[in-house]
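Residues in the sequence shown are numbered consecutively from 1, following our numbering. Everything below concerns the one structure shown next.
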Amino acid sequence: MNVQLNEFDTVMEQIGFGKVHCYVMLTLGLLQMLTIHETMGMGIIAPSAVCDLRMSLVQLSSITAAAFLGLVAFFLLLQMPESPKFLFMIGDTKQGLAVMDWISLKNTGRPLSSEQVLLMQRFQESTGMRRQKRANNLLQTMLNDAMPLFRKPYVGFYVGSCSVMFSLGLVANGLGIWFTAMRNRSNMRQDNKTELTLCRILFKTTTNDILDSEPDLLVACNDGFIGFNDSLILGLTYIILYNICWFMLFFLPRKAMFIAALVISSSCGFALIFVTGRWLQLFSFVLFIALPGVVISLLGGALLEFVPTFLRAKALCISLMWCRWGAVVGTTIVGIYVEKSCEMTILVIAIFPMLSASIEGFLPL
1 MNVQLNEFDT VMEQIGFGKV HCYVMLTLGL LQMLTIHETM GMGIIAPSAV CDLRMSLVQL
61 SSITAAAFLG LVAFFLLLQM PESPKFLFMI GDTKQGLAVM DWISLKNTGR PLSSEQVLLM
121 QRFQESTGMR RQKRANNLLQ TMLNDAMPLF RKPYVGFYVG SCSVMFSLGL VANGLGIWFT
181 AMRNRSNMRQ DNKTELTLCR ILFKTTTNDI LDSEPDLLVA CNDGFIGFND SLILGLTYII
241 LYNICWFMLF FLPRKAMFIA ALVISSSCGF ALIFVTGRWL QLFSFVLFIA LPGVVISLLG
301 GALLEFVPTF LRAKALCISL MWCRWGAVVG TTIVGIYVEK SCEMTILVIA IFPMLSASIE
361 GFLPL
């Protein structure tokens, strides 16, 4: 398979980095921003949804989990041409060459050379032979295309990376989508909570302790804005951490940064079970979920450096799929178990960043 795809890789390397790559990075960056906004938006909507739709926490967990399963299209994606590799794979040689020529013009200011055109024609011929052999089994073709990721020399690194992605998605998005709901409920308490831990504030209450706008519901409700201020702090923390990590990548080894961030996250998660005081609880919670969220993006970039060009799209998509599944599992676990056993739920989730740090210690980052 590598021999058949070398022609495509060779031409892409000859074209080099340029405007098209910058455009793609801008588009993907905006997609990532929307994904974060989607997650945080559901977290902000959720507390009101409990009141307006009169749902239990288990019912709410089903809705928040569904938020991670949608697909979003953007205007910028409509302006991008189809993948030239895909066009060659389906036999559209003319359009594939046109897109490669467009990339070359944008990046280098000149069209493909005759030698590069010949390489692309050879690539199309080899893919055409494979397509004829497997035309009757599309699923088998897809599996065969992805199988190199699960063979040497990539299997150990890639399986470890997917495991880490699952864990980080569980913490950053699965628990993170409940952040606003938990902070809002915490701010609804009217009694003295200075010496109370987060779980005692949330669930060890009497009727008079909670400022409730819907007293006939089993789930406490309040549409006040004070709890949402904490979500603004979470968003600001994400912005600061992304910029700090981007700057530190120039000076520190990537693996050390990843491990340190996850150890801090796990430590904050363990501390969240015991600490008291509004601000200490707030920043323990914020760092607990924000640090894994930042590492998800950085790990995705690192992953692409260790697989060849023809496997990068598959590698990133599959790893992000596991990240999404982690988010679904995380938000469902929190919705079902946090009220019954708050401390144990947080403890179990806090183990995942530490587990991820242990796995990353063995990855060639």
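For every residue, glycine included, the Cβ atom is placed at its ideal position computed from N, Cα and C. These figures come from a predicted structure and were not determined experimentally.
Quick one: what's residue i bridged to in DSSP?
| i | result |
| --- | --- |
| T276 | T197 |
Taking residue i as the reference, give the member of the options with the closest Cα.
| i | options | result |
| --- | --- | --- |
| V117 | A146, K340, P148, P84 | P84 |
| A367 | V20, W102, L168 | Residue 367 is absent from the model: the chain starts at 1 and stops at 365. |
| V294 | E115, G235, C199 | G235 |
| V11 | K94, Q79, M100 | M100 |
| I273 | L149, L363, C245, I346 | I346 |
| F283 | N229, K255, T331, L303 | N229 |
| I15 | P253, L78, R122, K106 | K106 |
| Q121 | F88, P148, S356 | F88 |
| F288 | V275, P253, G269 | G269 |
| E13 | M354, Q79, I103 | I103 |
| F166 | K152, R151, F362, A357 | A357 |
| P153 | M321, L311, E360, Y337 | L311 |
| S267 | G176, L355, F17, R151 | L355 |
| G174 | M344, F362, E343, C323 | C323 |
| R290 | P253, M147, I336, N243 | First, the amino acid is wrong: residue 290 is Ala here, not Arg. Selected option, being the one with the closest Cα: N243. |
Using the C-alpha atoms, what's the distance from residue j back to residue i?
| i | j | result |
| --- | --- | --- |
| V24 | E125 | 28 Å |
| T197 | V307 | 45 Å |
| A181 | G160 | 32 Å |
| E305 | L299 | 10 Å |
| L31 | D191 | 43 Å |
| F86 | G96 | 8 Å |
| T237 | V286 | 8 Å |
| W325 | S113 | 44 Å |
| V334 | R110 | 55 Å |
| S163 | E115 | 42 Å |
| L170 | T108 | 42 Å |
| E7 | L202 | 60 Å |
| L316 | W178 | 26 Å |
| S231 | K19 | 36 Å |
| A172 | S265 | 10 Å |
| P292 | K94 | 44 Å |
| I233 | R183 | 11 Å |
| E360 | G330 | 21 Å |
| S297 | M321 | 13 Å |
| E150 | R189 | According to the sequence as given, residue 150 is Phe; it is not Glu. If I take the Cα positions, the gap works out to 51 Å. |
| L365 | C245 | 15 Å |
| T27 | A98 | 21 Å |
| V72 | Q79 | For V72, the predicted model reports a pLDDT of 49, less than 50, meaning its position is unreliable and no value from the coordinates is stated. |
Does the beta-carbon of residue i have 16 or more other beta-carbons within 10 angstroms, so that it is buried, or is it exposed?
| i | result |
| --- | --- |
| S319 | buried |
| S341 | exposed |
| T194 | exposed |
| V3 | Because V3 carries a pLDDT of 44, less than 50, the predicted location of this residue cannot be relied on, and the following value inherits that uncertainty. Label assigned to V3: exposed. |
| P215 | In this predicted model, P215 has a pLDDT of only 45, less than 50, meaning its place in the structure is not dependable; the value taken from the coordinates is given anyway. P215 is exposed by the Cβ-count criterion. |
| V155 | exposed |
| N187 | buried |
| C22 | exposed |
| I240 | exposed |
| L143 | exposed |
| L119 | buried |
| G176 | buried |
| L218 | Confidence in L218 is poor, its pLDDT being 43 and thus under 50, which makes the residue's placement unreliable; the coordinate value appears in the next sentence. Label assigned to L218: exposed. |
Can we count residue i as close to the ligand SAH, meaning its CB is less than 7 Å from some heavy atom?
| i | result |
| --- | --- |
| F250 | Among the components of this structure there are no ligands whatsoever, and the ligand SAH is therefore not found. |
Is the Cβ of residue i closer than 8 Å to any Cβ of chain C?
| i | result |
| --- | --- |
| S319 | The structure shown contains no chain C; it holds only a single protein chain. |
- Item | Touch test, the stretch 278-285 against the stretch 249-266, Cβ-Cβ under 8 Å, three pairs minimum | no
- Query: Is the number of C-beta pairs between the stretch 346-354 and the stretch 243-250 that are closer than 8 Å three or more?
  - Reply: no
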